[in-house]
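Student:
Here you go:
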């Protein structure tokens, strides 16, 4: 049973908004829903990175983005190397930053792994996440990306 | 002053190195880069960095353990933790192990430059 509540999801919304505003100086549009709701568009884009949680939480936090969006972000950051490896590394760094920033609210007992990053095809996320996963849809300029929060509190011993 | 950059992200390593081109940081030279704590400790045994930027979440050896080991080798090394882990306990743990500063990701160029200047001021 997923016991993540609205306040918990706002922690991730704030982390996503903070990341994009810090990097781009622009506000992003945010929309949230359950991932498996039928009217939610595909959450999986070209590149996805996930962080696995342990300690007081279990599950994963995913960040998925089109290649064009991460390329644009790196360009804004002045990064000259923008090959596939560097783009995947950047996607992982964003997933890491969003998850790490969430520890301000959840504390150090929410342990985060290093990111795992890969190229992904449409609907991959829907095949790996639980029915109760939340999706945070992000719109920046003409791009859309997603953060999927598929976590639950660990059962207390 | 010689700087070692420790981060498992090539993007962050490259970015920190690029920020060193700022004229205000002309006193700092890049000694090397490490992608995890073990590599960093090995580099510190061979060389003696004056400054280290240290990520926390890394494979093989995390930044807190790495900070402790580097301070054992070079007690006067100035370690600046640069991490997304925003809870107070992690910052305090790193400072207790000998880190001299903590900068949260995401950071701006100016924030990193200010942190460096604070560390190297006489």
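Chains as they are written, first to last, in the numbering used here: chain B, 1 to 157; chain P, 1001 to 1122. For every residue, glycine included, the Cβ atom is placed at its ideal position computed from N, Cα and C.
1) Give the residues of chain C in contact with residue 121 of chain B, contact being defined as C-beta atoms less than 7 Å apart.
2) Checking contacts by CB at 8 Å: is residue 89 of chain B closer than that to chain P?
3) Just to confirm the assignment: which complete alpha helix (DSSP H) runs, minimum length 4, are found wholly within the stretch 36–87 of chain B?
4) Quick check: is the beta carbon of residue 1090 of chain P nearer than 8 Å to any beta carbon in chain B?
5) If we cut at 8 Å on Cβ distances, does residue 1023 of chain P have a partner in chain B?
6) Extract the residue ranges of the alpha helix (DSSP H) inside the stretch 122–157 of chain B, only unbroken runs of 4 or more that lie entirely within it.
7) Tell me, please, whether the CB atom of residue 116 of chain B is closer than 8 Å to any CB atom in chain P?
8) Is residue 1092 of chain P buried or exposed, if buried means 16 or more other CB atoms sit within 10 Å of its CB?
9) Whose Cβ in chain B lies nearer than 7 Å to the Cβ of residue 1167 of chain P?
10) CB-CB under 7 Å to residue 153 of chain B, same chain, minus the five flanking residues each way: which ones, in chain order?
11) State the Cα-Cα distance for the pair residue 1010 of chain P and residue 75 of chain B, rounded to the nearest angstrom.
12) Taking only beta-carbon positions, decide if residue 1061 of chain P is within less than 8 Å of chain B.
13) I'd like to know if residue 100 of chain B contacts chain P, where contact means its C-beta is closer than 8 Å to some C-beta of that chain.
14) Is residue 1032 of chain P helix, strand or coil by DSSP?
15) Under 7 Å between beta-carbons, which chain P residues line up against residue 93 of chain B? List them in chain order, please.
16) Is the Cβ of residue 1053 of chain P closer than 8 Å to any Cβ of chain B?
17) Answer yes or no: does any C-beta atom of chain B fall closer than 8 Å to that of residue 1017 of chain P?
18) Where does residue 26 of chain B sit, in a helix, a strand or coil, going by DSSP?
19) Measuring alpha carbon to alpha carbon, tell me which residue in B:101, B:148, B:80, B:7 is nearest residue 1085 of chain P.
20) 8 Å is my cut-off, CB to CB: does residue 44 of chain B come that close to chain P?
21) What would DSSP say about residue 1117 of chain P, mapped onto helix, strand or coil?
22) For the structure I just gave you, are there three or more beta carbon pairs, one from the stretch 127–147 of chain B and one from the stretch 1071–1080 of chain P, closer than 8 Å?
23) Give a yes or no on whether 8 Å exceeds the smallest Cβ distance from residue 1026 of chain P to chain B.
24) Measuring only between beta-carbons, confirm whether residue 1057 of chain P sits less than 8 Å from chain B.
25) Looking at chain B, is there any beta carbon in it that lies within less than 8 Å of the beta carbon of residue 1105 of chain P?
Tutor: Reading it off the structure:
1) Note that chain C does not occur in the displayed structure, where the protein chains are B and P.
2) Translated into positions along the first chain, residue 89 of chain B becomes position 89. Yes - at least one Cβ of chain P is within 8 Å of the one on residue 89 of chain B.
3) Listed in chain order, the complete alpha helix (DSSP H) runs (minimum 4 residues) inside the stretch 36–87 of chain B are 67–76.
4) One-based indexing of the second chain puts residue 1090 of chain P at position 90. Residue-level contact by beta carbon holds for residue 1090 of chain P and chain B, with a gap shorter than 8 Å.
5) Locating residue 1023 of chain P in the second chain gives position 23, where the first residue counts as 1. No - not a single Cβ of chain B is within 8 Å of the one on residue 1023 of chain P.
6) The qualifying runs are 124–128.
7) Taking the first residue of the first chain as position 1, residue 116 of chain B is located at position 116. Answer no: the Cβ-Cβ gap between residue 116 of chain B and chain P never drops below 8 Å.
8) As a working note, residue 1092 of chain P is residue 92 in the second chain. Under this definition residue 1092 of chain P is an exposed residue.
9) For residue 1167 of chain P there is no data in the structure shown, the boundaries of chain P being 1001 and 1122.
10) As a working mapping, residue 153 of chain B is identified with position 153 in the first chain. Cβ neighbours of residue 153 of chain B beyond the five flanking positions: 3, 56, 57.
11) Here residue 1010 of chain P refers to the residue found at position 10 when the second chain is read from its first residue. Here residue 75 of chain B refers to the residue found at position 75 when the first chain is read from its first residue. C-alpha of residue 1010 of chain P to C-alpha of residue 75 of chain B: approximately 15 Å in a straight line.
12) Position 61 of the second chain, counting from 1, holds the residue named residue 1061 of chain P. Look at residue 1061 of chain P: its C-beta is not under 8 Å from any C-beta on chain B.
13) Counting from one through the first chain, the residue named residue 100 of chain B turns up at place 100. Interface residue, yes.
14) Position 32 of the second chain, counted from the first residue, corresponds to residue 1032 of chain P. Note: residue 1032 of chain P maps to strand in three-state DSSP.
15) As a working mapping, residue 93 of chain B is identified with position 93 in the first chain. Here the neighbours are 1009, 1011, 1012.
16) As a working mapping, residue 1053 of chain P is identified with position 53 in the second chain. No, no contact with chain B.
17) Working through the second chain from its first residue, we reach residue 1017 of chain P at position 17. By the rule that beta-carbons nearer than 8 Å mark a contact, residue 1017 of chain P does not touch chain B.
18) As a working mapping, residue 26 of chain B is identified with position 26 in the first chain. Coil, per DSSP.
19) For the purposes of this step, residue 1085 of chain P is taken as the residue at position 85 of the second chain. From the listed residues B:101, B:148, B:80, B:7, the smallest Cα separation to residue 1085 of chain P is found for B:101.
20) Mapped onto the first chain, residue 44 of chain B falls at position 44. For residue 44 of chain B, the answer is no, since every Cβ of chain P falls outside 8 Å of its Cβ.
21) Taking the second chain and counting its residues from 1, one reaches residue 1117 of chain P at position 117. DSSP places residue 1117 of chain P in helix when its eight states are reduced to three.
22) The stretch 127–147 of chain B is not in contact with the stretch 1071–1080 of chain P.
23) Translated into positions along the second chain, residue 1026 of chain P becomes position 26. No, no contact with chain B.
24) Along the second chain, one-based indexing puts residue 1057 of chain P at 57. When Cβ-Cβ separations below 8 Å define contact, residue 1057 of chain P makes contact with chain B.
25) The sequence position of residue 1105 of chain P within the second chain is 105, counting from 1. Chain B, which has a Cβ nearer than 8 Å to the Cβ of residue 1105 of chain P, makes this yes.
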